[in-house]
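J.: Keeping their order, the protein sequence lines are chains B and F.
In terms of the numbering used here, the first sequence opens at residue 6 and continues consecutively.
In terms of the numbering used here, the second sequence opens at residue 6 and continues consecutively.
Note that CB positions come from ideal geometry on N, CA and C, so glycine has one too.
There are 2 protein chains.
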Amino acid sequence: MDSDRRRRPTLDTVAAAVGVSRATVSNAYNRPDQLSSSLRERILETARTLGYAGPDPVARSLATRSSAAVGFMLPQGLSGAFSDPALSIVLDGLAQTVDGHDHSLVLMPGDATGGPRPSIVSRAQADVMVAYSLPDSAPALDAVATRGLPLVVIDQPELPDTARVEVQDHAGCTAAATHLLDLGHRRFGILTFALRPDGVSGPVSHERRSDVPFRVSRDRLGGYLDTLEKAGVKPDNVPVWEARGSDRELGRLGARWLLTRTPRPSALLCTSDQLAFGALQAARDLTLTVPGDLSVVGFDDVPEAAYSDPPLTTVRQPLADKGRRAGELALKLLAGARPPRPTRLGVSLVERASTAPRK
Amino acid sequence: MDSDRRRRPTLDTVAAAVGVSRATVSNAYNRPDQLSSSLRERILETARTLGYAGPDPVARSLATRSSAAVGFMLPQGLSGAFSDPALSIVLDGLAQTVDGHDHSLVLMPGDATGGPRPSIVSRAQADVMVAYSLPDSAPALDAVATRGLPLVVIDQPELPDTARVEVQDHAGCTAAATHLLDLGHRRFGILTFALRPDGVSGPVSHERRSDVPFRVSRDRLGGYLDTLEKAGVKPDNVPVWEARGSDRELGRLGARWLLTRTPRPSALLCTSDQLAFGALQAARDLTLTVPGDLSVVGFDDVPEAAYSDPPLTTVRQPLADKGRRAGELALKLLAGARPPRPTRLGVSLVERASTAPRK
DNA sequence: TGGTGTTGCTGAAGCGCTTCAGTCATGCTG
DNA sequence: CAGCATGACTGAAGCGCTTCAGCAACACCA
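(1) Which value, in whole angstroms, describes the spacing of the CA atoms of N242 (chain F) and E234 (chain F)?
(2) Ignoring anything shorter than 3 residues, give me the beta strand (DSSP E) runs that lie fully in the segment 176 to 244 of chain B, in order along the chain.
(3) Using a cut-off of 9 Å between C-beta atoms, extract the partners of Q322 (chain F) located in chain B.
(4) Does T29 (chain B) get closer than 7 Å to chain F when you measure Cβ to Cβ?
(5) Does the beta-carbon of R349 (chain F) have 16 or more other beta-carbons within 10 angstroms, so that it is buried, or is it exposed?
(6) Bridge partners for G303 (chain B) per DSSP, in chain order?
(7) Which residues of the segment 40 to 64 of chain F have a Cβ closer than 7 Å to any Cβ of chain B? Give them in chain order.
(8) Would you mind working out which of B:E247, B:L156, B:R213 sits nearest T197 (chain B), comparing C-alpha positions?
(9) Determine whether the beta carbon atoms of T232 (chain B) and A182 (chain B) lie at a separation below 7 Å.
(10) Suppose you measure from the CA of L277 (chain F) to the CA of S222 (chain F); what does that come to, to the nearest Å?
(11) Output needed for A358 (chain F): all residues of its chain with C-beta closer than 7 Å, excluding positions within five of it in sequence on either side, in chain order.
(12) Measure the Cβ-Cβ separation of L354 (chain B) and A180 (chain B) and say whether it is below 7 Å.
(13) Helix, strand or coil for Y2 (chain F) per DSSP?
(14) Determine, using beta carbons only, whether E356 (chain F) comes closer than 7 Å to chain B.
(15) Could you check the C-alpha separation between W262 (chain F) and L299 (chain F) for me, to the nearest Å?
(16) Can you look up F87 (chain F) in the DSSP assignment and give me helix, strand or coil?
(17) Can you grab the Cα-Cα spacing for the pair D116 (chain F) / G189 (chain B), in whole Å?
(18) Restricting to Cα atoms, I'd like to know which of B:P60, B:V75, B:P268, B:S251 is closest to K337 (chain B).
(19) Since G56 (chain F) sits in a beta bridge, which residues does DSSP pair it with?
(20) Which one or two residues does DSSP pair with W246 (chain F) in a beta bridge?
(21) When you check each C-beta in the segment 110 to 126 of chain B against every C-beta of chain F, which residues fall closer than 9 Å?
(22) Looking at S127 (chain F) and A145 (chain F), is the spacing between their C-beta atoms short of 7 Å?
(23) Determine, for G153 (chain B), whether the minimum Cβ-Cβ distance to residues of chain F falls below 7 Å.
(24) State yes or no: is the beta carbon of S72 (chain B) nearer than 7 Å to at least one beta carbon in chain F?
(25) Could you check whether the segment 193 to 207 of chain F touches the segment 162 to 179 of chain F, counting it as contact only if at least three pairs of C-beta atoms, one from each stretch, sit closer than 8 Å?
(26) Go to V295 (chain B), then tell me how far its alpha helix (DSSP H) extends in each direction, as first and last residue.
(27) Is the CB of S84 (chain B) under 7 Å away from at least one CB in chain F?
(28) Just to confirm the assignment, what range does the beta strand (DSSP E) spanning T360 (chain B) have?
(29) In the DSSP assignment, what residue or residues form a beta bridge with S109 (chain B)?
(30) With DSSP as the reference, identify every bridge partner of A272 (chain F), one or two as the case may be.
(31) Report yes or no: is there a C-beta of chain B within less than 7 Å of the C-beta of L96 (chain F)?
(32) How big is the Cα-Cα spacing for A167 (chain F) and S72 (chain B)?
(33) What does P308 (chain B) reach in chain F if we use C-beta pairs closer than 8 Å?
(34) Report yes or no: do three or more beta-carbon pairs, one from the segment 57 to 64 of chain F and one from the segment 18 to 37 of chain F, lie closer than 8 Å?
(35) Just to make sure I have the definition right: I need the residues of chain F whose C-beta is within less than 7 Å of the C-beta of L67 (chain B). Which are they?
(36) Which first and last residues belong to the alpha helix (DSSP H) in which T69 (chain B) is found?
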């Protein structure tokens with residue numbers, strides 16, 4: 006029996022206690038200019054003594070037809086997702102923007118399908134959704150569409166009637182690969198995070214390289230491979246390892262495999278800094294010196310890249326900005342704006358000490 | 006003009022179209038046994054063609070007086086919080102539990118006060134809150150109380166009428182310190198994460214060591230210091246560095262300071278694995294070998310601890326369990342249960358290669 | 001003096017849904 | 001055939017709030 010949890014006070018309770026109408030109490034909270042400040046004080050005071058904590062958020066949402074919340078859809082579970090600081094930074098940027106406008110953030114972690122379950126999406130109390138790097142045509146995206154909610158996608162292909170922010174992944178990878186080619190490297194290995202949401206780690210077969218549903222993986226892998234091919238390095242001669250997540254330890258595993266191929270690559274191209282850190286580790290394990298025996302490049306430029314051993318050459322993308330922009334877009338859509346043209350954020354190669362001319 | 010965003014269909018729209026009552030349509034979604042399956046099919050089909058995505062979550066919440074969401078309150082912003090994988094793991098455990106029961110997760114990041122703003126809390130659409138390591142008497146906690154929401158706290162002191170899960174921090178630290186004492190160490194340094202939510206990093210003065218509002222920091226620091234003192238090592242002779250967050254780089258910074266004291270500590274006690282990883286890095290920077298010149302212990306036993314260089318001796322706590330338990334408790338409270346007695350999770354010292362006898 | 005604002009408050013209509021007490025056939029039992 | 005379950009559906013109340021037209025009172029101005 007929860008007899009102790011007796012009915013909480015409502016607007017009416019307070020109104021009755023003060024002897025005014027319910028509308029006036031509502032105004033005391035939402036439109037202070039609509040009543041005398043003395044009355045307002047009295048109302049607030051009475052509310053306090055009654056233990057009334059302010060208008061019920063759900064009822065308010067129903068009446069205003071707005072829940073003041075943005076939903077954030079992830080391609081995977083939380084622990085996997087957050088092993089990459091890049092996501093934390095993006096999400097933090099988003100949270101700050103959203104939080105600053107008194108909106109809250111509803112997290113929708115994904116499962117093996119590469120996104121949250123549709124049932125979760127259709128029951129989520131949010132009035133705008135942000136999709137972060139979901140695979141093309143994830144079921145969650147349909148669920149958003151049938152609910153008719155505004156949507157902003159990050160790192161995903163254009164969708165009808167949707168705002169979008171993304172980064173020049175392909176160009177970034179081209180720059181990184183070119184940098185290594187310029188240094189004289191000819192033997193490469195590629196370390197990428199998931200190409201598909203199936204949780205598989207391992208060497209990437211030829212057919213698995215095509216029809217990659219994660220846009221970011223597709224573009225980064227493509228960016229590396231295309232650039233190498235143009236320079237005369239056959240893609241078939243470039244071993245590619247797919248890690249099912251973007252974390253250090255998975256990176257180390259993959260790099261170990263890549264570095265034990267014959268002939269051994271003199272340069273490793275990674276699709277994230279975390280993977281690159283793992284690669285540095287793997288090199289140490291194998292007593293290879295970086296950049297003496299091996300050059301390594303990452304992607305993201307997370308803060309730690311400047312402090313790793315050695316400091317990492319990597320492609321910088323404006324992570325916090327990405328989150329902030331997404332947040333702003335979400336708020337804009339909420340305000341009724343039409344999706345503007347995609348926000349494209351620039352990238353730049355940051356040369357540090359993990360790359361050097363081929364010996 | 007959002008003339009294109011014309012009124013979405015509601016239960017009534019569908020009911021009218023099918024020619025049944027609204028209650029029946031509602032039943033089609035919520036109580037399939039209350040109507041013939043043929044009619045149900047017809048209703049669902051009509052709904053589909055009308056573009057009706059199912060009962061509106063907000064309205065449903067109002068009617069059922071339950072929003073099927075759990076709020077998660079953090080002591081800091083997201084980027085800071087997630088730089089420690091420990092949080093990701095806890096949150097993942099919680100998310101899985103909660104998600105499995107079709108509840109969603111509302112994230113409430115904290116600010117400089119060491120918790121989310123009260124206004125955020127009182128407007129959050131959640132019907133149970135989980136507080137993660139907020140400082141004692143954070144304003145957010147009062148906000149939860151005045152809303153009368155059930156609360157489960159993780160790593161925080163007991164609060165009236167509140168469920169609680171926590172870990173034997175003090176005991177864990179005692180074990181770690183004892184281990185080092187047994188190895189013959191007498192010169193220690195301590196590396197702790199925030200003692201207060203004020204964002205300060207630096208050496209910890211004597212007075213700052215008392216009245217620490219973060220329970221975990223208080224217990225871990227206390228556990229280390231008490232144990233050392235009992236063994237005859239004066240707390241005043243133990244330099245303590247406070248990092249404002251639990252991340253590697255901040256750990257490196259602090260460890261560098263600790264390792265340049267005279268006399269140099271032969272052992273470093275850290276309050277988290279992330280800080281310990283930073284310490285390993287700092288040792289490398291100073292060309293000290295671990296565990297030859299320096300022993301290091303961490304706390305948490307995150308997966309990476311087994312793979313660091315050298316593998317880290319640390320206090321294991323069951324992180325995923327912690328999240329899962331918190332989730333279960335939240336769901337139980339939601340179901341009307343009274344807060345059970347606190348769930349106390351055990352810890353154990355995991356000896357790896359970062360500690361060795363004093364030279 | 002009459003017109004024109006202001007200020008401060010209220011009544012009532014929703015927001016879109018769930019739920020519960022019925023109602024009405026229909027089939028079954030003895 | 002009376003009596004009684006059973007199954008399928010409905011009407012209406014209510015969840016707690018916002019909002020807007022409207023009203024009374026009063027002040028101000030020419």
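T.: With the given structure in hand:
(1) If you number the second sequence from 1, residue 242 (chain F) lands on position 237. If you number the second sequence from 1, residue 234 (chain F) lands on position 229. Distance between the alpha carbons of N242 (chain F) and E234 (chain F): 10 Å.
(2) 193 to 197
(3) Within the second sequence, numbered from 1, the residue matching residue 322 (chain F) stands at position 317. The contacting residues do not exist; Q322 (chain F) stays about 15 Å from chain B at best.
(4) The sequence position of residue 29 (chain B) within the first sequence is 24, counting from 1. Taking Cβ atoms only, chain F never reaches closer than 7 Å to T29 (chain B), which makes this a no.
(5) Translated into the one-based positions of the second sequence, residue 349 (chain F) becomes position 344. By the 10 Å Cβ count, R349 (chain F) comes out exposed.
(6) Along the first sequence, read from residue 1 onward, the residue named residue 303 (chain B) stands at position 298. Per DSSP, B:T319.
(7) G56, A58, G59, P62, V63, A64
(8) The sequence position of residue 197 (chain B) within the first sequence is 192, counting from 1. Of B:E247, B:L156, B:R213, the residue nearest in Cα terms is B:E247.
(9) In the first sequence, residue 232 (chain B) corresponds to position 227, counting from 1. In the first sequence, residue 182 (chain B) corresponds to position 177, counting from 1. Cβ atoms of T232 (chain B) and A182 (chain B): closer than 7 Å.
(10) As a working mapping, residue 277 (chain F) is identified with position 272 in the second sequence. As a working mapping, residue 222 (chain F) is identified with position 217 in the second sequence. For the sequence presented, residue 277 (chain F) should be read as Ser rather than Leu. Each residue's Cα considered, the two are about 10 Å apart.
(11) Here residue 358 (chain F) refers to the residue found at position 353 of the second sequence. Cβ within range, chain order: P296, P315, P316.
(12) Within the first sequence, residue 354 (chain B) is the residue found at index 349, counting from 1. Within the first sequence, residue 180 (chain B) is the residue found at index 175, counting from 1. Contact flag set, yes.
(13) Residue 2 (chain F) lies beyond the stretch modelled for chain F, which goes from 6 to 364, so this question has no answer here.
(14) The residue you call residue 356 (chain F) lines up with position 351 of the second sequence. No, E356 (chain F) lies away from the interface with chain B (no Cβ there is under 7 Å from its Cβ).
(15) Working through the second sequence from its first residue, we reach residue 262 (chain F) at position 257. Working through the second sequence from its first residue, we reach residue 299 (chain F) at position 294. Straight-line Cα distance between these residues: approximately 14 Å.
(16) Residue mapping note: residue 87 (chain F) aligns to position 82 of the second sequence, counting from 1. F87 (chain F) falls in the coil class under three-state DSSP.
(17) If you number the second sequence from 1, residue 116 (chain F) lands on position 111. If you number the first sequence from 1, residue 189 (chain B) lands on position 184. Going from the Cα of D116 (chain F) to the Cα of G189 (chain B) covers about 49 Å.
(18) Within the first sequence, numbered from 1, the residue matching residue 337 (chain B) stands at position 332. Looking at the Cα atoms, B:V75 is the closest of the given residues.
(19) Here residue 56 (chain F) refers to the residue found at position 51 when the second sequence is read from its first residue. Paired residues: none, contrary to the question.
(20) Within the second sequence, the letter at position 241 stands for residue 246 (chain F). Answer by DSSP bridge pairing, in chain order: F:L196, F:P208.
(21) L110, V111, L112, M113, P114, D116, P121, R122, S124, I125
(22) As a working mapping, residue 145 (chain F) is identified with position 140 in the second sequence. As a working mapping, residue 127 (chain F) is identified with position 122 in the second sequence. The answer is no: Cβ separation not under 7 Å.
(23) Within the first sequence, the letter at position 148 stands for residue 153 (chain B). It does: the Cβ of G153 (chain B) has a partner Cβ on chain F nearer than 7 Å.
(24) Counted from its first residue, the first sequence places residue 72 (chain B) at position 67. It does: the Cβ of S72 (chain B) has a partner Cβ on chain F nearer than 7 Å.
(25) no
(26) Taking the first sequence and counting its residues from 1, the one referred to as residue 295 (chain B) is at position 290. It is not in any alpha helix (DSSP H) - V295 (chain B) carries neither H nor E in the DSSP assignment.
(27) If you number the first sequence from 1, residue 84 (chain B) lands on position 79. The Cβ of S84 (chain B) sits closer than 7 Å to at least one Cβ of chain F.
(28) To locate residue 360 (chain B), count along the first sequence from 1; it is residue 355. Here T360 (chain B) belongs to no beta strand (DSSP E), and DSSP marks it neither H nor E.
(29) Here residue 109 (chain B) corresponds to residue number 104 of the first sequence, with the count starting at 1. Paired residues: B:A74.
(30) The residue given as residue 272 (chain F) occupies position 267 in the second sequence. Answer is F:F193, F:S300.
(31) Mapped onto the second sequence, residue 96 (chain F) falls at position 91. L96 (chain F) counts as touching chain B.
(32) Taking the second sequence and counting its residues from 1, the one referred to as residue 167 (chain F) is at position 162. Taking the first sequence and counting its residues from 1, the one referred to as residue 72 (chain B) is at position 67. Looking at the sequence provided, one finds Thr at residue 167 (chain F) rather than Ala. T167 (chain F) and S72 (chain B): Cα-Cα distance of roughly 27 Å.
(33) Along the first sequence, read from residue 1 onward, the residue named residue 308 (chain B) stands at position 303. Correct list: E254.
(34) yes
(35) The residue given as residue 67 (chain B) occupies position 62 in the first sequence. Per Cβ cutoff of 7 Å: V63, A64, L67.
(36) In the first sequence, residue 69 (chain B) corresponds to position 64, counting from 1. Per DSSP, the continuous alpha helix (DSSP H) segment holding T69 (chain B) begins and ends at 62 to 69.
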